[in-house]
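Counted the way this note's numbering counts, the sequence shown spans residues 3 to 217.
Even for Gly, the Cβ is constructed at its ideal location relative to N, Cα and C.
Keep in mind it's a predicted model, so treat the numbers as computed, not measured.
For reference, the structure is listed below as structure tokens.
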Amino acid sequence: MEKKNCLILALDVTDRENALRIANEVSEYVDSIKVGYPLVLGEGLGIVKELAELAPVIADFKVADIPNTDRLICEQVFKAGADAVITHGFTGRDSLDSCVKVAKEYGRDVYVVTEMSHPGGVEFFRPVAETIAKMAVDAGATGVVAPATRPERVRDIRKIIGNDLHIISPGVGAQGGSAADVINAGADWVIVGRSIYNSDSPADAAMKICNDMKC
Ligand code: NUP
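Spelled out as structure tokens, the structure:
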């Protein structure tokens, strides 16, 4: 993904019409559009191809299964036109290796969740986040997902992964995180959903976040 605005739209609306309207309105401000279960379950995987005409798509399926099932999921995601997939890491190195292998075959990207951004994200992830981050490096992932709600954790994770891997960071706005703070802490991109798609003017909301970050 090319870094221009440091902003990724989390498009968690559930219908095609709203999804395409919002994506069109903000496309000049975002480097990528992240889709997840809400939109894909609402409209089908075909929405990925439509959105990919506006910006590269990250498929946030938090893939977390045995290696063979992970392989099958990643193949479907990339065949559908996604540029990247988000996977979990707690399933272990063999599962992650399977996702990275498929991504390399397709020339696509893999981002691995380290510690989640919501309050419960510390309960189980906190003790293993650094180990997962190290595994992401060793497995040859493109980058990791780390919480904008805890910039200090982004700093910790940046120390582990060095500068070769990217950090994409959700939790800005609706979850309380600040885009500028987490970029200063070492994130490459912020991922923002509700603060943009629930705004009366998604384009203005996206522009304001870009201006705040001065990325
Ligand atoms: O740790 C994570 N936190 C998180 O919010 C990992 C994620 N993938 N996300 C996703 O980022 C979440 O599912 C949603 O799509 C987006 C944040 O949206 P919002 O809180 O800005 O509305």
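- DSSP places Gly145 in the strand class (E or B) of the three-state scheme.
- As a beta-bridge residue in DSSP terms, Tyr113 pairs with Ile88, Gly145.
- Rounded to whole angstroms, the gap between the alpha carbons of Ala187 and Ile169 is 10 Å.
- For Ser171, the pairing in a beta bridge is given by DSSP as Val192.
- For Lys216, the CB stays at least 7 Å from every heavy atom of the ligand NUP.
- For Ala176, there is no enclosing beta strand (DSSP E), as DSSP marks it with neither H nor E.
- Of the heavy atoms belonging to the ligand NUP, none sits nearer than 7 Å to the Cβ of Ser29.
- Remark: the shortest separation between the CB of Met118 and any heavy atom of the ligand NUP falls under 7 Å.
- In the same chain as Ala138, and ignoring 5 residues on each side of it, the C-beta atoms closer than 6 Å to its own belong to Val114, Val146, in chain order.
- Put simply, of Met118, Val15, Ile24 the residue whose alpha carbon is nearest the alpha carbon of Lys64 is Met118.
- Beta-bridge annotation (DSSP): Leu11 is paired with Ile35, Val194.
- Distances taken from the Cβ of Arg155 to the heavy atoms of the ligand NUP include none shorter than 7 Å.
- Taking Thr116 as reference, the option from Gly122, Phe127, Lys106 with the minimal CA-CA separation is Phe127.
- A straight line joining the alpha-carbon of Arg18 with that of Lys6 spans about 26 Å.
- Per DSSP, reduced to three states, the secondary structure at Ile68 is coil, with no helix or strand assignment.
- Residue burial annotation: His120 is exposed, with fewer than 16 other C-beta atoms found within 10 angstroms of its C-beta.
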